[in-house]
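Participant: Note that the numbering used here has the sequence shown beginning at 652, numbered continuously upward.
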Amino acid sequence: MQYNEIKIKVATRDAQTAEAIANLVVPYGIYIEDYSDIEELAPQIAHVDLIEQELLERDRDHAVIHLYIPAQENPLEAISFLRARLDAAGIAHAIRWEKVEEEDWATAWKQFYHPTHIGSRLVVCPSWEPYAPQPQEVVLTLDPGMAFGTGTHETTRLCLELLEQVVTPGTSLLDVGTGSGILAVAALLLGARSAVGVDIDEVAVRVATENAQQNGVAGRAAFLAGDLTQKVEGTYQVVTANIVADVILRLLPDLGRFLQPGGDFIASGIIDTREQELVEAVAAAGYRIVEVRRLGGWVAIHARRA
Numbered sequence: 652m653q654y655n656e657i658k659i660k661v662a663t664r665d666a667q668t669a670e671a672i673a674n675l676v677v678p679y680g681i682y683i684e685d686y687s688d689i690e691e692l693a694p695q696i697a698h699v700d701l702i703e704q705e706l707l708e709r710d711r712d713h714a715v716i717h718l719y720i721p722a723q724e725n726p727l728e729a730i731s732f733l734r735a736r737l738d739a740a741g742i743a744h745a746i747r748w749e750k751v752e753e754e755d756w757a758t759a760w761k762q763f764y765h766p767t768h769i770g771s772r773l774v775v776c777p778s779w780e781p782y783a784p785q786p787q788e789v790v791l792t793l794d795p796g797m798a799f800g801t802g803t804h805e806t807t808r809l810c811l812e813l814l815e816q817v818v819t820p821g822t823s824l825l826d827v828g829t830g831s832g833i834l835a836v837a838a839l840l841l842g843a844r845s846a847v848g849v850d851i852d853e854v855a856v857r858v859a860t861e862n863a864q865q866n867g868v869a870g871r872a873a874f875l876a877g878d879l880t881q882k883v884e885g886t887y888q889v890v891t892a893n894i895v896a897d898v899i900l901r902l903l904p905d906l907g908r909f910l911q912p913g914g915d916f917i918a919s920g921i922i923d924t925r926e927q928e929l930v931e932a933v934a935a936a937g938y939r940i941v942e943v944r945r946l947g948g949w950v951a952i953h954a955r956r957a
């Protein structure tokens, strides 16, 4: 059977952020070619003379991220999303794709995708996996593929854990860079009154709308296509932004127009090397840092407006 292989070439310094963006497209079937530290790592596995010369001659300045999606999915939709997110993050890149053969790829990856418990109540579950929730649990049904975020990546998990703490009955939420809509849908399932999600990619908006319908919350959700808060109106008690550090910095000057006094701001997609920069920027914008969470080299910031 055929499937689509998408290759993203970026500078090695941008590989972590690009990987996070790639995980928004598909949480399975990703691997990264990065030879920047092969000579440092070689002594851990063998004498350097035993390493193939061809490997030692590989490009040390660039990494290549490989994504695999089923043949029936349109790779151009994924590429459009990737280009938009990488451009927004200021990451120079080259993308190409081709069809390759793999036996039963369309279903084999399902064995690696099971119900994911997040926080104390939330369970993210694929539609094909039977699951009997406990009385206090909230089940969010979400399938991988062109979903742009399924809860398996550290940044999404951190945001969901923080959302569980701040969402109360009646909460209104704005999710900037909504992707699959997972944060907006989760907030509604946790008891929020309404949620608005915005994304630069129209495919993401369509997928988010479908996910809201699948989870029975479409009547309280709205998804918009636009750059950051370009088309957003009104004010909200909670604003989430699981994007990348540079885009969060772009968002901060306008955040006060949409976040109500006393409201909560949850930001992630931040690699740990930029934690201090983002914490200082959020505080300088007039927000009190409530909590900083870390997981697997990624950081989420929970801040509150005075």
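Think of the CB as a built atom: it goes at the ideal place given N, C-alpha and C, for glycine as much as any other residue.
Are three or more beta carbon pairs between the region 709-725 and the region 662-669 nearer than 8 Å?
Facilitator: yes
Participant: Using the C-alpha atoms, what's the distance from Val847 back to Ala896?
Facilitator: Within the sequence shown, residue 896 is the residue found at index 245, counting from 1. Within the sequence shown, residue 847 is the residue found at index 196, counting from 1. Cα to Cα, the separation comes out at about 21 Å.
Participant: Beta strand (DSSP E) containing Thr767: first to last residue?
Facilitator: Start at 1 with the first residue of the sequence shown, and residue 767 comes out as number 116. First-last of the beta strand (DSSP E) with Thr767: 767-769.
Participant: Would you call the region 855-865 in contact with the region 884-904, where contact means no fewer than 3 C-beta pairs closer than 8 Å?
Facilitator: no
Participant: What span of residues does the beta strand (DSSP E) with Phe874 cover, start to end?
Facilitator: Sequence index remark: in the sequence shown, residue 874 carries index 223 (1-based). Residues 872-876.
Participant: Skipping 5 residues on each side, what residues in its chain have a beta carbon closer than 6 Å to that of Gly948?
Facilitator: Stepping through the sequence shown from its first residue, residue 948 is reached at position 297. Cβ within range, chain order: Asp923.
Participant: With DSSP collapsed to three states, give me the class of Pro721.
Facilitator: Residue mapping note: residue 721 aligns to position 70 of the sequence shown, counting from 1. The answer is strand: DSSP assigns Pro721 an E or B state.
Participant: Could you spell out the range, first to last residue, of the alpha helix (DSSP H) harbouring Leu813?
Facilitator: Within the sequence shown, residue 813 is the residue found at index 162, counting from 1. That run of the alpha helix (DSSP H) goes 805-817.
Participant: Since Gln888 is in the beta strand (DSSP E), which residue starts that stretch and which ends it?
Facilitator: Numbered from its first residue, the sequence shown carries residue 888 at position 237. Element bounds for Gln888: 887-893.
Participant: Pairing CB atoms from the region 917-932 with CB atoms from the region 849-856, are three or more of them under 8 Å?
Facilitator: no
Participant: Thinking C-beta only, is Thr829 closer than 7 Å to Ala838?
Facilitator: Stepping through the sequence shown from its first residue, residue 838 is reached at position 187. Stepping through the sequence shown from its first residue, residue 829 is reached at position 178. Their beta carbons are not under 7 Å apart, which means Ala838 does not touch Thr829 by this criterion.
Participant: Check whether the region 894-912 touches the region 936-943, taking contact to mean three or more Cβ pairs, one atom from each stretch, closer than 8 Å.
Facilitator: yes
Participant: Contact check, Ala673 vs Leu733 under 8 Å by CB: the rounded distance?
Facilitator: Looking up residue 673 in the sequence shown gives position 22. Looking up residue 733 in the sequence shown gives position 82. The C-beta distance from Ala673 to Leu733 rounds to 7 Å, short enough to meet the 8 Å contact threshold.
Participant: When you compare only the Cα positions, how much space is there between Val790 and Val775?
Facilitator: Taking the sequence shown and counting its residues from 1, the one referred to as residue 790 is at position 139. Taking the sequence shown and counting its residues from 1, the one referred to as residue 775 is at position 124. Near 6 Å, if we compare the C-alpha coordinates of Val775 and Val790.
Participant: Let me know if Pro721 comes out buried or exposed under the rule of 16 or more other beta-carbons within 10 Å of its beta-carbon.
Facilitator: Taking the sequence shown and counting its residues from 1, one reaches residue 721 at position 70. So Pro721 counts as buried.
Participant: Grab the span of the alpha helix (DSSP H) containing Val854 for me, first residue to last.
Facilitator: As a working mapping, residue 854 is identified with position 203 in the sequence shown. It spans 853-865 - the alpha helix (DSSP H) in which Val854 sits, taken as one unbroken run.
Participant: Determine whether the beta carbon atoms of Ala951 and Val933 lie at a separation below 7 Å.
Facilitator: Residue mapping note: residue 951 aligns to position 300 of the sequence shown, counting from 1. Residue mapping note: residue 933 aligns to position 282 of the sequence shown, counting from 1. Result no, Cβ atoms of Ala951 and Val933 do not sit closer than 7 Å.
Participant: Go through its chain and collect everything with a Cβ distance to Asp905's Cβ below 6 Å, but skip five positions before and after it.
Facilitator: Within the sequence shown, numbered from 1, the residue matching residue 905 stands at position 254. Its chain contains Thr880 as the residues whose beta carbon lies nearer than 6 Å to that of Asp905, once the 5 sequence neighbours on both sides are disregarded; these appear in chain order.
Participant: Which word fits Val677, buried or exposed, when buried means at least 16 other C-beta atoms lie within 10 angstroms of its C-beta?
Facilitator: Numbered from its first residue, the sequence shown carries residue 677 at position 26. Buried.
Participant: Give me, in chain order, the residues of the same chain whose beta-carbon lies closer than 7 Å to that of Ser778; leave out the 5 immediate sequence neighbours on both sides.
Facilitator: Counted from its first residue, the sequence shown places residue 778 at position 127. Cβ neighbours of Ser778 beyond the five flanking positions: Thr792, Asp794.
Participant: Residues in the same chain with beta-carbon distance under 8 Å from Pro694, minus the five sequence neighbours each way, listed in chain order, please.
Facilitator: Position 43 of the sequence shown holds residue 694. In this predicted model, Pro694 has a pLDDT of only 41, less than 50, meaning its place in the structure is not dependable; the value taken from the coordinates is given anyway. No residues qualify anywhere along the chain.
Participant: Report the CB separation of Ile894 from Val827 in whole angstroms; it is logged as a contact under 8 Å.
Facilitator: Position 243 of the sequence shown holds residue 894. Position 176 of the sequence shown holds residue 827. Their Cβ separation, rounded to whole angstroms, is 7 Å, which keeps Ile894 and Val827 in contact under 8 Å.
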